[in-house]
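Here's the structure, in structure tokens; my notes come after.
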Amino acid sequence: MKSLILTLLLAVPWLAHADCLQRLTSPPDAAGHACLREAYGKPPERWPAPHVDADVQWTELGPLPERAPAPAQNPFSEAKASLGEKLFFDPRLSRSGQIACASCHEPDLAFADGRRVSFGHDRAAGRRNAPSVVMSGFSEHLFWDGRGGTLESQALMPVVDPLEMAFSIEQLVRRLRASEHYPGLFAAAFGSGPLDGGQIAAALATYQRTLVRVARNTRFERFLNGRRDALSDQQLHGLHLFRTRARCMNCHFGPAMSDDQFHNAGMTYYGRKYQDLGRHEITGKVEDVGRFRTPSLRLVGRTGPWIHNGLFPDLNGVLNFYNVGMPRPKPAPGMENDPLFPKTSERLHVRGLDSEELRALRSFLDTL
């Protein structure tokens with residue numbers, strides 16, 4: 000492959016210049032693939048600049064750290080991570096003793112659950128899809144609507160949610176204090192201090208910050224770490240499209256591949272079945288109607304069904320919707336002056352990618 004690229008670069012002088020990227024065909028010919036190999040054979044900080052809106056404060060894609068950063072008030076320790084792992088898989092955290100954190104975040108499903116919406120206590124169905132928690136340590140706005148804040152503040156919310164684990168912190172603490180092994184494990188992880196809700200949350204958060212390891216064993220991660228042959232020609236074309244014509248880096252950038260912000264993708268279903276006002280339910284702000292947190296794209300090919308309510312069973316369907324600019328609902332009669340009628344984000348425009356380009360983009364996403 001390297002000798003072919005060199006031959007093409009010598010035979011076709013314009014390949015040695017940045018403007019060769021402007022001459023790509025769909026799909027790229029051999030010269031185009033050689034051009035892409037040359038452009039993306041450098042470290043990420045030297046890749047061609049992405050196409051983003053002028054106000055986007057993007058950061059470059061890059062390899063992931065060994066674990067997500069820990070706050071000063073909850074520094075990492077192996078003892079806490081081990082305790083958090085035990086708690087994460089323990090159904091005793093639920094009222095019924097039958098539901099664990101892992102019930103909705105299964106390791107074999109990239110720590111999602113493969114359902115449109117999850118079920119909880121007494122098989123009660125929620126209204127939102129359970130996202131993967133592999134990258135949760137990189138967000139400051141957990142849950143689809145951002146109500147969770149940090150991992151520590153989020154950790155026990157499912158425990159007390161009546162539709163999820165339907166328990167209470169007080170009852171959970173009593174249950175763990177009365178168990179045979181947990182008091183000693185908490186003492187080993189935290190030293191002095193009583194076993195309480197704060198310690199439970201800190202242990203769970205510490206474990207979740209280690210889950211990034213799952214996303215570090217991917218084809219794209221190997222590519223970022225210098226294995227430039229880790230992506231096929233089609234996947235490399237998809238990476239270029241992701242950064243340019245598809246304009247995905249308006250919202251999906253940095254090692255976590257998310258801006259950790261909230262956007263309305265036109266899927267609010269306002270006034271209809273499946274209505275969900277998203278971030279507005281937390282802030283009460285009109286501009287937040289229908290906005291949901293940008294998910295990380297790490298492991299995206301393994302975490303369907305997609306969007307906040309799981310209505311897309313096929314990732315190709317999501318790409319097709321984005322390609323046409325996402326839905327832009329019009330007010331029904333009587334709603335013309337409704338101040339809450341949602342507006343699809345201006346970040347989203349018609350992309351006009353052809354079928355070959357969509358396949359390349361999908362192929363790239365499958366490497367994440």
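Numbering (numbering that gives the first Met the number 0), first residue to last: 0 to 367.
The C-beta atom is built at its ideal place from N, Cα and C for all residues, glycine as well.
Item checked: Cβ neighbours of P233 in the same chain (closer than 6 Å, five flanking residues each side left out) -> It is worth fixing the name first, because residue 233 is Gln in this sequence and not Pro. A359, S362, listed in sequence order.
Checklist line | Assigned secondary structure, A186 (DSSP; H/G/I helix, E/B strand, else coil) | finding: The answer is helix: DSSP assigns A186 an H, G or I state.
Check: In angstroms, rounded to a whole number, what distance separates the CA positions of S369 and F185?
Finding: Residue coverage of the chain in this structure runs from 0 to 367, which leaves residue 369 outside it and unanswerable.
Margin query: Can you give me the C-alpha to C-alpha distance between L162 and A123, rounded to a whole angstrom?
Written below: Each residue's alpha carbon lies about 6 Å from the other.
Check: Expressed to the nearest angstrom, what Euclidean distance is found between the alpha-carbon atoms of H262 and G197?
Finding: In a straight line, the C-alpha of H262 is about 32 Å away from that of G197.
Margin query: From the DSSP secondary-structure annotation, give me the bridge partner or partners of V349.
Written below: Per DSSP, the beta bridge partners of V349 are V323.
Margin query: Am I right that R115 and P304 are in contact with their C-beta atoms under 8 Å? What's the rounded C-beta distance?
Written below: Going by Cβ atoms, the distance from R115 to P304 rounds to 5 Å, so yes, they are a contact pair.
Notebook entry, point to check: What span of residues does the beta strand (DSSP E) with H262 cover, start to end?
Noted result: In the DSSP assignment, H262 falls within the beta strand (DSSP E) that extends over 261-263.
Next item on the list: Verify whether the separation of the beta carbon atoms of A264 and S344 is less than 9 Å.
Entry: Yes.
Next item on the list: Taking L276 as the reference, give the member of R127, V288, S131 with the closest Cα.
Entry: Here the closest residue by C-alpha is V288.
Next item on the list: Classify Q31 as buried or exposed, calling it buried when 16 or more other Cβ atoms lie within 10 Å of its own Cβ.
Entry: In the sequence as presented, Gln is not what sits at residue 31; that position holds Gly. Counting the other CB atoms within 10 Å of its CB gives G31 a total of 16 or more, which places it among the buried residues.
Notebook entry, point to check: With 16 other CB atoms within 10 Å as the buried threshold, where does G237 fall?
Noted result: Result: buried.
Margin query: Taking the beta strand (DSSP E) that M290 belongs to, which residues open and close that run?
Written below: Inspection of the sequence shows that residue 290 is occupied by Arg rather than by Met. In the DSSP assignment, R290 falls within the unbroken beta strand (DSSP E) covering 290-292.
Margin query: Using a Cβ distance threshold of 8 Å, determine whether the stretch 103-112 contacts the stretch 306-324, with at least three qualifying pairs required.
Written below: The stretch 103-112 is not in contact with the stretch 306-324.
Notebook entry, point to check: Applying the criterion that 16 or more other CB atoms from any shown protein chain within 10 Å of the CB defines a buried residue, is Y39 buried or exposed?
Noted result: Buried, because 16 or more other Cβ atoms sit within 10 Å of the Cβ of Y39.
Check: Exposed or buried, H50, counting other C-beta atoms within 10 Å across all chains shown (16 or more means buried)?
Finding: Label assigned to H50: exposed.
Checklist line | Euclidean distance between Cα positions of L7 and C34 | finding: At L7, the pLDDT of 46 sits below 50, so the modelled position is not reliable; the number obtained from the coordinates is stated separately. Rounded to whole angstroms, the separation of the alpha carbons of C34 and L7 is 9 Å.
Check: With 16 other CB atoms within 10 Å as the buried threshold, where does W13 fall?
Finding: In this prediction, W13 scores a pLDDT of 37, lower than 50, which makes its location untrustworthy; the coordinate-derived value is nonetheless stated afterwards. Per the 10 Å Cβ criterion, exposed.
Margin query: Check this for me: beta carbons of P341 and T293, under 9 Å apart or not?
Written below: Contact flag unset, no.
Notebook entry, point to check: According to the Cβ coordinates, are P47 and E59 closer than 9 Å?
Noted result: No; because the gap between Cβ atoms is not below 9 Å, this pair is not in contact.
Notebook entry, point to check: Can you tell me where the alpha helix (DSSP H) with F219 in it begins and where it stops?
Noted result: F219 -> alpha helix (DSSP H) spans 218-223.
Item checked: For A29: DSSP bridge partner residues -> The partner list for A29 (beta bridge, DSSP) is empty, contrary to what the question assumes.
Notebook entry, point to check: Which whole-angstrom value describes the C-beta separation of R215 and M256, a residue pair presumed to lie in contact below a C-beta threshold of 8 Å?
Noted result: Not quite, the Cβ-Cβ distance comes to about 13 Å (not below 8 Å), so this is no contact.
Margin query: Quick check: the Cα distance between C19 and S25, rounded to an integer number of angstroms?
Written below: Computed Cα separation, rounded: 14 Å.
Item checked: Spatial distance of L155 from T366 (CA atoms) -> If I take the Cα positions, the gap works out to 33 Å.
Notebook entry, point to check: Should H140 be labelled buried (16 or more other beta-carbon atoms within 10 Å of its own) or exposed?
Noted result: By the neighbour-count rule (16 or more Cβ atoms within 10 Å), H140 is buried.
Next item on the list: Confirm, please, whether the CB-CB distance from V133 to V55 is below 9 Å.
Entry: No. Outside cutoff.
Check: According to DSSP, which residues form a beta bridge with F118?
Finding: DSSP, once it has assigned bridges, lists A124 as partnering F118.
Next item on the list: Look up E59 in the DSSP assignment and say whether it is helix, strand or coil.
Entry: Residue state for E59 is assigned as coil, using DSSP reduced to three classes.
Checklist line | N- and C-terminal bounds of the alpha helix (DSSP H) containing V206 | finding: The residue you asked about is not Val; residue 206 is Tyr in the sequence shown. Counting along the chain, the alpha helix (DSSP H) containing Y206 begins and ends at 196-207.
Notebook entry, point to check: Roughly how many angstroms separate the alpha carbons of P74 and P193, rounded to a whole number?
Noted result: If you take the alpha carbons of P74 and P193, they lie about 18 Å apart.
Notebook entry, point to check: DSSP on G277, reduced to helix/strand/coil?
Noted result: Per DSSP, reduced to three states, the secondary structure at G277 is strand.
Check: Going by other Cβ atoms of all chains shown within 10 Å of its Cβ, with 16 needed for buried, is E387 buried or exposed?
Finding: Since the first and last residues shown for the chain are 0 and 367, residue 387 lies out of range.
Notebook entry, point to check: How would you write the range of the alpha helix (DSSP H) that M368 sits in, first residue to last?
Noted result: The chain is shown from 0 up to 367; residue 368 falls before or after that span and cannot be answered.
Note to self: Using C-beta distances below 6 Å, list every residue in its chain close to M334, excluding the 5 sequence neighbours before and after it, in chain order.
What the structure shows: Cβ within range, chain order: F340.
Note to self: In this structure, how does DSSP classify E163 when only helix, strand and coil are distinguished?
What the structure shows: DSSP, read as helix, strand or coil, puts E163 in coil.
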